[in-house]
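Taking it in order: structure first as structure tokens, then the write-up.
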Ligand code: CP
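Numbering (the working numbering), first residue to last: 3 to 315.
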């Protein structure tokens, strides 16, 4: 594996999940693998879990870690070729990516969608720019269209918690006052396509995800109907994909409650707005898996870094 940019970079999800669970049981078992190697974490956007869990994963493997809040502290980057740079951008991705590679063996990047320009967002200019020019492995810590470290952690959590041969898993939209990207939902869908599960997506009309991604998956616009018999309910807000980046509904009837959850386990990637996305009674109950999902972020990052270190040794 050269890069970890999406779930497509995983050759066998079940094997990776089992390996991640083994790392979780003994996190320091490969503590010399990353000795003498440095990872650089570049954040164009805020983070709690991704930042700390990826650092922790790298430290468990004996790596050195450099972190930069590039979005607030770095030079504004230019991504277009041949631009006369007389406007707001100060440095071209060609130099910036090659410079980072002078200091690090792996670069991990967080760069969210703008939600204003679908074409540009889907071109993944930041991630692909580093991939093209850095010449070192690139890890996606949430890009415009995907959050594969989160989805891998969610696969680990499902594997640990599931007791059925074929569980029912529901991805349910929830209201949110701000326009949020599609990355988490997209990668969760991609991950669920690799699972033996009865998978249903539910959201109000106007919130369909990218149809190229959801092709063949059941979409049920009636949330109550979708939740019937669910074993796991993954709740997430996203803005409209068709009316790109717009908030079309703040309908509180979509907030997840204990009554709606019934006997299912609750999942969310965090951060979450209490009593907007989900009621306190759910988050504070034993049916909430959110802290275990956050815990598993370390082992999803660790299995990815381990595979990359093995490939560059
Ligand atoms: N779930 C997740 O990626 O959390 P952060 O945005 O805090 O990193």
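Just so you know, even glycine gets a beta-carbon here, dropped at the ideal spot from N, CA and C. Just so we're clear, the structure is a prediction, and the values are computed from it rather than from any experiment.
Around residue 21, the same chain offers 305 as residues with beta carbons nearer than 7 Å, after the five sequence neighbours per side are excluded. Counting only residues of its own chain and dropping the five nearest sequence neighbours on each side, residue 29 has a CB closer than 8 Å to the CB of 62, 300, 301, 304.
Beta-bridge analysis with DSSP links residue 112 to 45. When DSSP reads this structure, residue 234 sits in a beta bridge with 171, 267.
Annotation: residue 148 to residue 88 spans about 32 Å, alpha carbon to alpha carbon. According to the DSSP assignment, residue 156 belongs to the alpha helix (DSSP H) that extends over 150-163.
CA-CA distance, residue 163 to residue 104, rounds to 42 Å. The Cβ atoms of residue 269 and residue 291 lie closer than 8 Å to each other.
Taking every protein chain shown into account, the CB of residue 55 has 16 or more other CB atoms within 10 angstroms, so this residue is buried. Residue 68 sits in a strand when the DSSP states are folded into three classes. The beta carbon of residue 314 is closer than 7 Å to those of 107, 139 in its chain, skipping five residues each way along the sequence.
Distances taken from the Cβ of residue 273 to the heavy atoms of the ligand CP include one shorter than 7 Å. At a threshold of 7 Å, residue 184 does not count as near the ligand CP, since its beta carbon sits no closer than that to any of the ligand's heavy atoms. Cβ neighbours of residue 202 within its own chain (closer than 6 Å, five residues either side excluded): 172, 220, 222, 228. Nearest neighbour of residue 180 by Cα position, chosen from 249, 80, 161, turns out to be 249. Residue 211 holds the alpha-carbon nearest to the alpha-carbon of residue 188 among 178, 211, 166, 49. Not one heavy atom of the ligand CP falls within 7 Å of the beta-carbon of residue 302.
Spatial neighbours of residue 267 in its own chain (CB-CB distance under 8 Å, excluding positions within 5 residues in sequence) are listed in chain order as 163, 233, 234, 235, 289, 290, 291. If you draw a straight line from the Cα of residue 18 to the Cα of residue 310, it is about 13 Å long.
Using a cutoff of 7 Å, the CB of residue 144 counts as near the ligand CP, since one of the ligand's heavy atoms is closer than that. CA-to-CA, the gap between residue 83 and residue 125 works out to about 14 Å. Beta-bridge analysis with DSSP links residue 290 to 268. Beta-bridge pairing by DSSP links residue 204 to 174. Three or more Cβ pairs drawn from the stretch 109-116 and the stretch 143-162 lie within less than 8 Å of each other, which places the two stretches in contact. In the three-state reduction of the DSSP assignment, residue 258 falls in the strand class, which pools E and B.
Residue 212: not part of any alpha helix (DSSP H); DSSP gives it neither H nor E. Here residue 48 is exposed: its Cβ has fewer than 16 other Cβ atoms, across all protein chains shown, within 10 Å. Residue pairing by DSSP places residue 221 opposite 203 in a beta bridge.
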